[in-house]
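Structure first, commentary second.
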Amino acid sequence: MIRTTGIEPEYEKLTPEFAESFVAGNPRLRRLCEADPDCPVKASELSPEKCLGFEPGCKLLNSYAANRTSYRPPRPDEKWIGDEKFQRDHFFNEGDFGYVKQRSILNEICTAENEDQATLQCSENLRHCWAKNIYFDFRNLRLKTSKRYREDVILKGQVGGNCAKFFPDVIRSNLEHLGYLQSWGHELQHFQSKPGFRVDVQNCDVIFDRPTVLIKLDASINMYHHFCDFVNLFASQMVNGSFARDIDIVWWDTDPHGFIDAFFGITWKAFSTRKPVELISLDQKRVCFKNALLPLLARQRFGLFYNTPLVRACSGTGLFHAFFSPYTAPPGYRAERADSGYGSNHFSRQGNPIPESFESG
760 MIRTTGIEPE
770 YEKLTPEFAE
780 SFVAGNPRLR
790 RLCEADPDCP
800 VKASELSPEK
810 CLGFEPGCKL
820 LNSYAANRTS
830 YRPPRPDEKW
840 IGDEKFQRDH
850 FFNEGDFGYV
860 KQRSILNEIC
870 TAENEDQATL
880 QCSENLRHCW
890 AKNIYFDFRN
900 LRLKTSKRYR
910 EDVILKGQVG
920 GNCAKFFPDV
930 IRSNLEHLGY
940 LQSWGHELQH
950 FQSKPGFRVD
960 VQNCDVIFDR
970 PTVLIKLDAS
980 INMYHHFCDF
990 VNLFASQMVN
1000 GSFARDIDIV
1010 WWDTDPHGFI
1020 DAFFGITWKA
1030 FSTRKPVELI
1040 SLDQKRVCFK
1050 NALLPLLARQ
1060 RFGLFYNTPL
1070 VRACSGTGLF
1080 HAFFSPYTAP
1090 PGYRAERADS
1100 GYGSNHFSRQ
1110 GNPIPESFES
1120 G
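Position 317 of the sequence shown, counting from 1, maps to 1076 under my numbering, and the rest follow consecutively.
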């Protein structure tokens, strides 16, 4: 998964309550925490029964989601489908960690037999993917004539990696949800295995050594639209098993003027200590990623966004309680003015690999 080792632990900036369930429910992080004298979760609190609510074998009673949801019986003039259990179960699957669980299973598309080869794994309908040692060729971006929400940026031969085993049928059978903010289908449908390819300066104009999130974005001028991006990125991080913040973020926005995030740009500091890179700064470049997360997007079919249909009887979820908790606030954090948000003053990394290479699993 997209994680760093030996740098900032994935749990360092989490609130104790959330960290306890997150670390305990993740075997890898639990082992890491047990060996870390500075882990914020005490060994006595690392019960293997604790979890967030989406992990395999996680019982709701022991989860972070337990007792977060309120139920209101119907009034005499109201008719609801099913009983209280039916309403609670549907609410959990539509708006709580059940939503995350449904999207946490990744199918292998490209596998590796050594550290130089590529890996690509995606959930159903390519809604959420993780990759290692892959490239995107942005020669078709053509910034001068580009426009927002393009679905034709990546063409045949412009995405791939060196796979030990390649399963193209998995891609072809998961292209039902094509749409700019529904899946990564348009960007990955032409993925190819390139024998002999490796991430180096001979094959790449730009190399991202650090773990990198690539994210397609909804409108930034409206909180209800834009926070769909943040909530789904947060859910993707849970599936991915890491909240490390020493990562790069690429704003996959095809507008020639860039992505302006003047109102809510400060929110990105909760996810990364680094300023996001804009896609337009990578125009005409072959860009390689050593460790990449392509997260859940803002407008998936039956996804989690501002007008998601939910059952009427319930309110309150563990997922949103965790998202809105101050888990991201490091010591000494001070709120800043809204106009300090990120704008279109983008930057690119060209010609040479990015320094400070991170090990990744």
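Note that the Cβ used here is the ideal one computed from N, Cα and C, for glycine as well.
Subject >> Assigned secondary structure, Phe967 (DSSP; H/G/I helix, E/B strand, else coil) >> reply: Collapsing the DSSP output to three states places Phe967 in a strand.
Original post:
For the candidate residues Arg901, Pro796 and Leu1055, whose alpha-carbon lies nearest to that of Phe986?
Top reply: By alpha-carbon distance to Phe986, the top candidate from Arg901, Pro796 and Leu1055 is Leu1055.
**OP:** Check whether the Cβ atoms of Leu992 and Gly854 sit closer than 7 Å, and answer yes or no.
**Re:** Against a cut-off of 7 Å, the Cβ pair of Gly854 and Leu992 comes out as no contact.
Original post:
Nearest to Phe813 by CA position, among Asn999, Leu947 and Ser806, is which residue?
Top reply: Distance from the Cα of Phe813 is smallest, within the candidate group Asn999, Leu947 and Ser806, for Asn999.
**OP:** Along the beta strand (DSSP E) that carries Asp1007, what are the first and last residues, could you check?
**Re:** It spans Asp1007 to Trp1011 - the beta strand (DSSP E) in which Asp1007 sits, taken as one unbroken run.
Subject >> Within the segment 970 to 1008, ranges of the alpha helix (DSSP H) (whole runs, at least 4 residues) >> reply: Fully enclosed alpha helix (DSSP H) runs of 4 or longer: 982 to 999.
**OP:** State the CB to CB distance for the pair Leu1053 and Trp1010, rounded to an integer number of angstroms; the pair is presumed to be in contact (CB under 8 Å).
**Re:** Between Leu1053 and Trp1010, the beta carbon gap of about 13 Å keeps them out of contact (Cβ cut-off 8 Å).
Original post:
Sorted by chain position, which residues of the same chain lie with C-beta nearer than 8 Å to Asn899's C-beta, five sequence neighbours on each side aside?
Top reply: Setting aside the 5 residues that flank it on each side, Asn899 is surrounded in the same chain by Asp911, Val912, Ile913, Leu914 and Gln917, each with a C-beta closer than 8 Å to its C-beta; the list follows chain order.
**OP:** For Gln1043, count neighbouring Cβ atoms within 10 angstroms of its own Cβ and tell me buried if that reaches 16, exposed if not.
**Re:** Around the Cβ of Gln1043, a 10 Å sphere holds fewer than 16 other Cβ atoms; the residue is exposed.
**OP:** Could you have a look at Ala783 and say whether DSSP puts it in helix, strand or coil?
**Re:** The DSSP-derived three-state label of Ala783 is helix.
Subject >> Nearest candidate by alpha-carbon position, reference Phe1129, set Pro833, Arg886, Ser829 and Arg834 >> reply: An answer regarding residue 1129 cannot be provided, because it is not within the stretch 760 to 1120 covered by the chain.
Original post:
For Phe1002, which residues from the same chain have a beta carbon less than 6 Å from its beta carbon, with the 5 sequence-adjacent residues on both sides left out?
Top reply: Excluding the 5 residues flanking it on each side, Phe1002 has same chain C-beta neighbours closer than 6 Å at Glu769 and Gln996, in chain order.
Subject >> Straight-line gap, Asp959 to Ile966 (C-alpha atoms, nearest Å) >> reply: The straight-line gap from Cα to Cα measures roughly 8 Å.
Original post:
Which runs of the alpha helix (DSSP H), 4 residues or longer, sit entirely within the segment 773 to 834?
Top reply: Listed in chain order, the complete alpha helix (DSSP H) runs (minimum 4 residues) inside the segment 773 to 834 are 775 to 783 and 786 to 793.
**OP:** Have a look at Ser952 and Lys838 and give me their C-alpha separation to the nearest angstrom.
**Re:** A direct Cα-to-Cα measurement between Ser952 and Lys838 gives close to 54 Å.
Original post:
For Ser1099, which three-state DSSP category applies?
Top reply: The pLDDT assigned to Ser1099 is 37, lower than 50, so where the model puts this residue is not dependable; a value taken from the coordinates is nonetheless given after this. Secondary structure at Ser1099: helix, using DSSP grouped into helix, strand and coil.
Original post:
For Pro786, does the count of other Cβ atoms within 10 angstroms reach 16, so buried, or fall short, so exposed?
Top reply: So Pro786 ends up on the exposed side.
**OP:** Within its chain, find whatever has a CB closer than 6 Å to the CB of Gln880; leave out the 5 residues flanking it on each side and keep chain order.
**Re:** Within the same chain, and ignoring the five residues on either side of Gln880 in sequence, the residues whose Cβ sits closer than 6 Å to its Cβ are Leu865, Glu867 and Trp889.
Subject >> N- and C-terminal bounds of the alpha helix (DSSP H) containing Asp848 >> reply: Annotation: the continuous alpha helix (DSSP H) that includes Asp848 extends over Glu843 to Gly854.
**OP:** Using DSSP bridges, identify the partner residues of Ile893.
**Re:** Answer is Phe1048, bridged to Ile893.
**OP:** Decide if Asn873 is buried, meaning its Cβ has at least 16 other Cβ atoms within 10 Å, or exposed.
**Re:** A residue is called buried once 16 or more other Cβ atoms fall within 10 Å of its Cβ, and Asn873, having fewer, is exposed.
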